[in-house]
Amino acid sequence: MSALEPAGQAEPAGQAEPAGQPEPAGQPGPAGQPGPAGRHRFPRWRLPGKARRQETAAAWLMSAPVIALLVVFLVAPILMAAWVSISNWTGIGSPFSANVHAVGIKNYSALLSTPGLPQQQLGESIRNNLYYVILVVPIQTALALGLAVIVSRQRLAGRGFFRTAYYFPSITSSVAVSILFLFIFGSSGVINAIINGFGAHGPNWFADPNGVLHMVLSGLGVTTAPSALAGHGFLGVSWWDWLAGPSVAMVAIMALAIWTTSGTFMLIFLPAIYAIPADLSEAAIVDGANSWQRFRRVTLPQLRPTMFLVLTLGLIGTWQVFDQIYLISQGNPAGTTLTPAFLSYLTSFGNQQWGQGAAIAFILFAIIVVLTIVQRLIISERRNA
Amino acid sequence: MRRRRILGRVLLYLALLFFAVLYIYPFLLDIGTAFKTETDAAAHPLNPFPQHWVLSAFRELEQEDFLRWLANSVIVTVFVTLGRVLFDSMAGYALARLRFRGRGGLFAAILAIMAVPGVVLLIPTFLVLKQLNLFNTYPGMILPLMTDAAGVFIMRQFFLSVHPSIEEAAKIDGAGIFRTFWSVVLPMARPQLMTLTILSFQGSWNNFSTILVAHESPSLDTLTTGVGRLVSGELGAGSQYPLQLAAALAMTIPVAIVFFIFQKYILRTGEGAIKE
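Chain order of the listed sequences is A and B.
Under this note's numbering, the first residue of the first sequence carries the number 918, and numbering increases by one thereafter.
Under this note's numbering, the first residue of the second sequence carries the number 573, and numbering increases by one thereafter.
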């Protein structure tokens, strides 16, 4: 699983030296908290043989439950799904029974290179998710940063209240939030009631498959696809349809995502903002910088590592959107809210095409890994420049 | 200059209030609409106050087996949380403090596993549960959620920060490795254990997708999958807003209670605990 180690933060494996291992510097904490400041290690001394054996036994014993769980419910499942993705298993009996055969890359080629419904659905799901990522990640990051900067002000009445208010949606379950948004964006729901208040007429949000970019183009008079765009395409979707933009239904789901996650990311930004040395901003004030200049020249550069963490987490999270799709739209209308994660579920559990469903999961995995590496490269290049 | 300052301050608070409304008003609407009649809910979506307060949504919810879902959610959450807290801190201690061959490799493997996106695991988890005859059982819903690498990481980071002299003192007093861990070092990790407890409570209480692929019989539904059925199933078509919003409200209350009690552990942001 070498693909799993793009982070470059793995310790050298198989350290024989019992004490004083090299510690990788500057590991990001799971939620962006800076690691503990002081780390202590036992002094290097020679352990007598018996004590060393005892310590080794205790260590493996204490790690055993976690290791067992990880092997049985993480490593084994992935290996099994890898087998299913290159087999013709139809969901009946065990995938290891004698009448299940390897079919090579057939499931993958049906998705990636053979024209047909599976390829087209995968293409559509990737398009939908791509727009989702491109719009949700920057907006939620900017919103989270903005809220964090304001809420971190020293003299602010009701700071605790605002912080709680912004964070609360993050801890609410996806089911409750989906219900809330079905109501808010319902055809006779909250948003449309507001729109009606302005005398306009709101769309039937979750039933509207029209792409936003297509709607803009048709507003400009472009209603039919130029033949150059309609005749050619990628992954079974014409270039014209790639340019559809997110559907109206997807826009509502994006609003849900931004509303739910910005609080989480605000909470990741806050400690980083507090960690900025006070004399930096004081020096800027003395130099006569206004608050925007201070933000732009002092705060933002200092927040770079956190920004990278938030963008990475956002990217990984947005490619995995599943719950909301399952609960709100099931990929409808007209397949415009289909995402690879949901398509993988639908193909396996719905159509019993287990090989293809597992293959989609691995394709999604590959997309996430590749994009994370690309993002890492872009940011580190900029840092070096 | 002074007037501009005041103006800036007013604008700041207006922005803060605007966002606070944006984040809180939906919940107020949720609470109000849960006590409305269906016609009232459809006619006045923006008004958080019912014209007549009715409990019909909650009565209906009870008929939908809500209490069984609640019990299942409690069972799953309690076992997942106990398992994670115990196993993660044991492994975290071993990885931070005990000297053994393969420690570096084990830690690297755990870091690599943390990078596997959860949603990719849905089909694989189902396959393994089927193979092990755990599909559609409580252990089948609990064990995959108990599998956790991030918690091991959190605990390891904490144990690395504990000064070794404390353990040496325990050793001199004749305590063995397990005793030192259990009665000396672990009690020091209370804040971290709290964090881990809250994380796994929230993670398992709110989990939808893993529970979804781990069972099929309605009697094993938790709050998330049970209420999810209300939305995406045949009832969803009728858009019974009061019923759905009552369900959303009821399942959010326990999370809200935990949140408000343990706020200081959740909203720990490094500005020092004294200022709040």
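The C-beta atom is built at its ideal place from N, Cα and C for all residues, glycine as well.
Residue i versus residue j - alpha carbon distance
i, j, result
"S1104 of chain A", "W1159 of chain A", "27 Å"
"W754 of chain B", "I1101 of chain A", "50 Å"
"E610 of chain B", "M662 of chain B", "52 Å"
"G1008 of chain A", "Q1269 of chain A", "6 Å"
"R575 of chain B", "A1169 of chain A", "40 Å"
"L1052 of chain A", "L1173 of chain A", "12 Å"
"V594 of chain B", "R675 of chain B", "It is worth fixing the name first, because residue 594 of chain B is Leu in this sequence and not Val. For L594 of chain B and R675 of chain B, the distance between alpha carbons rounds to 48 Å."
"I1108 of chain A", "E1041 of chain A", "28 Å"
"Q1273 of chain A", "A666 of chain B", "41 Å"
"I1043 of chain A", "I1088 of chain A", "28 Å"
"Q635 of chain B", "A1276 of chain A", "41 Å"
"L736 of chain B", "R671 of chain B", "First, the residue type needs correcting, since residue 736 of chain B is Pro and not Leu in the sequence shown. Answer to the nearest angstrom: the Cα atoms are 13 Å apart."
"V1203 of chain A", "P763 of chain B", "39 Å"
"I603 of chain B", "P620 of chain B", "7 Å"
"V724 of chain B", "R577 of chain B", "48 Å"
"L1134 of chain A", "P1250 of chain A", "20 Å"
"K1023 of chain A", "I783 of chain B", "30 Å"
"P1055 of chain A", "T1229 of chain A", "11 Å"
"I596 of chain B", "A680 of chain B", "42 Å"
"A954 of chain A", "I1233 of chain A", "For A954 of chain A, the predicted model reports a pLDDT of 43, less than 50, meaning its position is unreliable; a value from the coordinates is still stated below. One C-alpha to the other measures close to 28 Å."
Buried or exposed by the 16-neighbour rule on C-beta atoms within 10 Å, applied to residue i
i, result
"W777 of chain B", "buried"
"S1179 of chain A", "buried"
"P1035 of chain A", "buried"
"G1077 of chain A", "exposed"
"R961 of chain A", "Confidence at R961 of chain A is low in this model, with a pLDDT of 49, below 50, so its placement is unreliable and the value that follows should be read with caution. Burial call: exposed."
"F638 of chain B", "buried"
"R1299 of chain A", "exposed"
"I825 of chain B", "exposed"
"D851 of chain B", "Residue 851 of chain B lies beyond the range of chain B shown here (573 to 848); nothing can be said about it."
"A1195 of chain A", "exposed"
"K608 of chain B", "buried"
"S1011 of chain A", "exposed"
"V648 of chain B", "buried"
"W1157 of chain A", "buried"
"T752 of chain B", "buried"
"P617 of chain B", "buried"
"T797 of chain B", "buried"
Under 9 Å from the C-beta of residue i: neighbouring residues of chain B
i, result
"L1220 of chain A", "Here the premise fails: no neighbours, minimum Cβ distance about 14 Å."
"R1299 of chain A", "Those within 9 Å of R1299 of chain A in chain B number zero; the least Cβ separation is about 23 Å."
"I1067 of chain A", "L584, A587, L588, F591"
Proximal residues of chain A, C-beta to C-beta of residue i below 9 Å
i, result
"M662 of chain B", "L978, M979, S980, A981, P982, V983"
"P622 of chain B", "By Cβ distance, chain A contributes nothing, its closest Cβ being about 14 Å from P622 of chain B, past 9 Å."
"Y813 of chain B", "I1096, L1099, F1100, G1103, G1106"
"V626 of chain B", "None at all; the shortest Cβ gap to chain A is about 17 Å."
Whole-angstrom C-beta distance between residue j and residue i, which should lie under 8 Å
i, j, result
"P1126 of chain A", "N1045 of chain A", "Rounded, the Cβ-Cβ distance is 11 Å, inconsistent with contact."
"L987 of chain A", "A721 of chain B", "7 Å"
"M1167 of chain A", "T1253 of chain A", "6 Å"
"S876 of chain B", "V691 of chain B", "Only positions 573 to 848 of chain B appear in the structure, and residue 876 of chain B is not among them; the question remains open."
"L693 of chain B", "P994 of chain A", "6 Å"
"I1099 of chain A", "V803 of chain B", "Sequence inspection shows Leu at residue 1099 of chain A; the Ile mentioned does not correspond to that position. At roughly 7 Å, the Cβ-Cβ gap stays under 8 Å, so L1099 of chain A and V803 of chain B are in contact."
"L1028 of chain A", "I1280 of chain A", "7 Å"
"V827 of chain B", "Q774 of chain B", "6 Å"
"V1215 of chain A", "A1192 of chain A", "With 8 Å as the limit, V1215 of chain A and A1192 of chain A do not qualify as a contact, their Cβ atoms being about 13 Å apart."
"F1186 of chain A", "A592 of chain B", "The pair is not a contact, with the Cβ atoms about 18 Å apart (cut-off 8 Å)."
Listed by chain order, chain B residues near residue i by CB distance under 7 Å
i, result
"P994 of chain A", "L693, P696, T697, L699, V700"
"I1233 of chain A", "P689"
"A1082 of chain A", "A592, Y595, I596"
Partners in chain A for residue i, counting only beta-carbon separations shorter than 8 Å
i, result
"V724 of chain B", "V983"
"M823 of chain B", "S1090, V1092, A1093"
"L670 of chain B", "E972, T973, A975, A976, M979"
"R631 of chain B", "Under the 8 Å cutoff, chain A gives no residues; its nearest Cβ is about 18 Å from R631 of chain B."
Chain B residues whose Cβ lies nearer than 8 Å to that of residue i
i, result
"D1240 of chain A", "F780, S781"
"M997 of chain A", "P696, L699, V700, Q703"
"F1085 of chain A", "Y595, I596, F599, A828, F831"
Cβ-heavy atom distance, residue i to the ligand NAD, below 8 Å
i, result
"A666 of chain B", "You won't find the ligand NAD in this model; it holds no ligand whatsoever."
Exercise. Would you check if the segment 1286 to 1295 of chain A and the segment 722 to 732 of chain B touch, i.e. whether three or more CB-CB distances between them fall below 8 Å?
Key: Below 8 Å, too few C-beta pairs join the segment 722 to 732 of chain B and the segment 1286 to 1295 of chain A to call them touching: fewer than three.
Quiz item: Counting Cβ pairs closer than 8 Å, one from the segment 1237 to 1249 of chain A and one from the segment 965 to 979 of chain A, do we hit at least three?
Solution: no
Practice problem: For the segment 1180 to 1196 of chain A and the segment 1141 to 1154 of chain A, state whether three or more C-beta atom pairs, one from each stretch, are separated by less than 8 Å. | Solution: No, the segment 1180 to 1196 of chain A is not in contact with the segment 1141 to 1154 of chain A.
Quiz item: Is the number of C-beta pairs between the segment 704 to 716 of chain B and the segment 785 to 798 of chain B that are closer than 8 Å three or more?
Solution: yes
Practice problem: Pair every Cβ in the segment 1116 to 1132 of chain A with every Cβ in the segment 1082 to 1097 of chain A, then say whether three or more of these pairs are closer than 8 Å. | Solution: no
Quiz prompt | Three CB pairs or more closer than 8 Å across the segment 612 to 631 of chain B and the segment 811 to 818 of chain B | solution = yes
Self-check item: At least 3 beta-carbon pairs within less than 8 Å: the segment 767 to 774 of chain B vs the segment 681 to 699 of chain B
Solution: Segments in contact, no.
Exercise. Note down, in chain order, all residues in the segment 1274 to 1301 of chain A with a beta-carbon under 7 Å from any beta-carbon belonging to chain D.
Key: In the displayed structure, chain D is absent; the protein chains listed are A and B.
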